[in-house]
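S.K.: Numbering (our numbering), first residue to last: 4 to 220.
Think of the CB as a built atom: it goes at the ideal place given N, C-alpha and C, for glycine as much as any other residue.
Keep in mind that this is a model prediction, so the values were computed, not measured.
Let me begin by handing over the structure; questions about it come next.
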């Protein structure tokens, strides 16, 4: 089995179609018709969540935000609302990808597989919380407490776009005294200087224009 997917969508016909399609592709599909059902199914540790925006009980943006606070599971949002601002909002709330309806199941499959390929690597071999060192290409890099906290969050979820305010929240939780909006840009710049071979053309700490930053190996 390639993995377990959780579909949160009140469209029964779509759930049936996707369930059959992904079963043929080697995936197990869980289905929640409403958010309250989804929380129980999350106990089965799905590898990825397919989340509709227009849901009963709460909209998908609220569910995405709640999910992201509690779990690191990848989220792919689905919606008939193709507005650009909706896509930006979903990504800023922590979604890994956003696909407008109607869509070709083959494209959805390709996006699911791409997200799962970017799934977090075990971080124990590259991050040491005691020494605050990051190992990249067999090179040990010393980090400040703030740099370590930012990089740890991003390394644990490669490919995910982190908005500045999400990274600021990490610093606030850690009691950082320098958590103002542009401080994130300063820390990212310093991190690039430490981990990138060419900081002005980064390969690992990437800018997502208008949204924030993401990490890739």
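Measure the CB-CB distance between residue 56 and residue 37 and report whether it falls below 8 Å.
M.R.: Taking the first residue of the chain shown as 1, we reach residue 56 at position 53. Taking the first residue of the chain shown as 1, we reach residue 37 at position 34. For residue 56 and residue 37, no; Cβs fall outside 8 Å.
S.K.: Do residue 162 and residue 217 have their CB atoms nearer than 8 Å?
M.R.: Stepping through the chain shown from its first residue, residue 162 is reached at position 159. Stepping through the chain shown from its first residue, residue 217 is reached at position 214. Yes; because the gap between Cβ atoms is below 8 Å, this pair is in contact.
S.K.: Alpha carbons only, please: which of 136, 46 and 89 is nearest the one belonging to residue 63?
M.R.: To locate residue 63, count along the chain shown from 1; it is residue 60. It is 89 whose Cα lies nearest to the Cα of residue 63.
S.K.: Could you give the uninterrupted runs of the beta strand (DSSP E) lying entirely in the region 41 to 78, keeping only those of 3 residues or more?
M.R.: Within the region 41 to 78, the complete beta strand (DSSP E) runs of at least 3 residues are 51 to 55.
S.K.: Determine, using beta carbons only, whether residue 51 and residue 119 come nearer to each other than 8 Å.
M.R.: The count along the chain shown starts at 1 and reaches residue 51 at position 48. The count along the chain shown starts at 1 and reaches residue 119 at position 116. Cβ distance < 8 Å, so residue 51 and residue 119 count as in contact.
S.K.: I need the DSSP call for residue 215, collapsed to helix, strand or coil.
M.R.: In the chain shown, counting from the first residue as 1, residue 215 sits at position 212. DSSP places residue 215 in strand when its eight states are reduced to three.
S.K.: Return yes when the Cβ of residue 98 is within less than 8 Å of the Cβ of residue 80, no when it is not.
M.R.: As a working mapping, residue 80 is identified with position 77 in the chain shown. As a working mapping, residue 98 is identified with position 95 in the chain shown. Cβ atoms of residue 80 and residue 98: closer than 8 Å.
S.K.: Is residue 157 close to chain B? Criterion is C-beta to C-beta, closer than 8 Å.
M.R.: The structure shown contains no chain B; it holds only a single protein chain.
S.K.: When you compare only the Cα positions, how much space is there between residue 53 and residue 95?
M.R.: As a first step, residue 53 must be located in the chain shown, where it is residue number 50. As a first step, residue 95 must be located in the chain shown, where it is residue number 92. When rounded, the distance between both Cα atoms is 17 Å.
S.K.: Tell me the DSSP bridge mates of residue 14?
M.R.: Within the chain shown, residue 14 is the residue found at index 11, counting from 1. Answer is none; residue 14 lacks a bridge partner.
S.K.: Going residue by residue through the region 134 to 206, where are the continuous beta strand (DSSP E) segments of at least 3 residues, counting only ones entirely within it?
M.R.: As far as the region 134 to 206 is concerned, its whole beta strand (DSSP E) runs of at least 3 residues are 136 to 139 and 142 to 145.
S.K.: Per DSSP, what are the beta-bridge partners of residue 31 in this structure?
M.R.: Locating residue 31 in the chain shown gives position 28, where the first residue counts as 1. Residue 31 pairs with 7.
S.K.: Taking the beta carbon of residue 35 as the centre, do at least 16 other beta carbons fall within 10 Å, making it buried, or is it exposed?
M.R.: Position 32 of the chain shown, counted from the first residue, corresponds to residue 35. So residue 35 counts as buried.
S.K.: Helix, strand or coil: which one does DSSP assign to residue 86?
M.R.: Within the chain shown, the letter at position 83 stands for residue 86. Reduced to three states, the DSSP call for residue 86 is coil.
S.K.: Can you look up residue 251 in the DSSP assignment and give me helix, strand or coil?
M.R.: Only positions 4 to 220 of the chain appear in the structure, and residue 251 is not among them; the question remains open.
S.K.: State the Cα-Cα distance for the pair residue 16 and residue 26, rounded to the nearest angstrom.
M.R.: Counted from its first residue, the chain shown places residue 16 at position 13. Counted from its first residue, the chain shown places residue 26 at position 23. Between residue 16 and residue 26, the C-alpha separation is close to 15 Å.
S.K.: Could you tell me the boundaries of the alpha helix (DSSP H) in which residue 108 lies?
M.R.: In the chain shown, residue 108 corresponds to position 105, counting from 1. From DSSP, the alpha helix (DSSP H) with residue 108 extends over 108 to 120.
S.K.: Taking only the alpha-carbon atoms, compute the straight-line gap between residue 174 and residue 152 and give it to the nearest angstrom.
M.R.: As a first step, residue 174 must be located in the chain shown, where it is residue number 171. As a first step, residue 152 must be located in the chain shown, where it is residue number 149. Residue 174 and residue 152: Cα-Cα distance of roughly 8 Å.
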